[in-house]
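Below: one structure, written as structure tokens.
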Amino acid sequence: MCAKPLVLPALDTTRRPGDEEEDERRGQSQELQRQNHKSRTDLQLSRLKVELEEKLFGQQLARHAILKAVTGFLNHENSEKPLVLSFHGWSGTGKNYVTKMIAKHLYKKGMRSSFVHHFIATIHFLHAGSSALYKVSTNPLPSLDLLLDLCWEVCGHHQVSCRLSVPL
């Protein structure tokens, strides 16, 4: 007994009455999504601005730079790059404080969001002398010069046999 072949109907691309209305509804829906995104973005920015003005003292340049960076990031809908902010300064200048404010206004989970990566040098990079090692561990394909520098740092001389496996 032979099985009958499965015959699928051809894709019908002819326009039918009512297709124009469907296209119009789809266009309106996309426009509403853009407007919702814009209003949500404006709300996030205004709340962040108010909180920075009320709670961050003596850091007017930082406040301006932060708002400019976050505004540019939020207004660019199809950005493939993440927003990266690097704060530097002495203890007590508000680096972590500002980071928490930004995360709170950009993401529902705030600092617990999977989109927030918070690095603190004294915690995540304990040994200043191991900077070459940190570079190797964060770069899957380190340069030969970097590897030689690492060997020199670890062993103290160039006459060393370093055996490192680097994925290709």
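Here UniProt numbering is used: position 66 in the sequence shown is 66, and no number is missing along the way. C-beta: ideal position from N, C-alpha, C; glycine also.
Per-residue burial, H117 [other beta carbons within 10 Å of its own, 16 or more giving buried]: Looking up residue 117 in the sequence shown gives position 117. Classification of H117: exposed, given that the 10 Å Cβ count is below 16.
The segment 75 to 82 / the segment 93 to 105 touching (three or more Cβ pairs under 8 Å): Short answer: they don't touch.
Straight-line gap, T71 to V50 (C-alpha atoms, nearest Å): On the sequence shown, position 71 is the one that residue 71 refers to. On the sequence shown, position 50 is the one that residue 50 refers to. If you take the alpha carbons of T71 and V50, they lie about 14 Å apart.
Contacts around I120, its chain only, beta-carbon distance under 8 Å, and the 5 residues preceding and following it disregarded: Translated into positions along the sequence shown, residue 120 becomes position 120. N96.
Rounded separation between R63 and T122 - CA only: Walking along the sequence shown from the start, residue 63 turns up at place 63. Walking along the sequence shown from the start, residue 122 turns up at place 122. Each residue's Cα considered, the two are about 25 Å apart.
Nearest-angstrom beta carbon gap, A69 and L83 [assumed within contact, 8 Å]: By 1-based counting over the sequence shown, the position of residue 83 is 83. By 1-based counting over the sequence shown, the position of residue 69 is 69. With 8 Å as the limit, L83 and A69 qualify as a contact, their Cβ atoms being about 7 Å apart.
Simplified DSSP assignment, three categories, for Q35: Translated into positions along the sequence shown, residue 35 becomes position 35. DSSP, read as helix, strand or coil, puts Q35 in helix.
C-beta atoms of Q44 and H105 nearer than 8 Å: As a position in the sequence shown, residue 44 is number 44, starting the count at 1. As a position in the sequence shown, residue 105 is number 105, starting the count at 1. Less than 8 Å divides the Cβ of Q44 from the Cβ of H105.
Assigned exposure category for L85 - 16 Cβ within 10 Å defines buried: Numbered from its first residue, the sequence shown carries residue 85 at position 85. Of the residues assessed, L85 falls on the exposed side of the cut-off, its CB having fewer than 16 other CB atoms within 10 angstroms.
Reference F57; option with closest CA among T41, V98, K38 and Q35: Position 57 of the sequence shown holds residue 57. Taking each of T41, V98, K38 and Q35 in turn and checking the Cα distance to F57, the smallest one comes out for V98.
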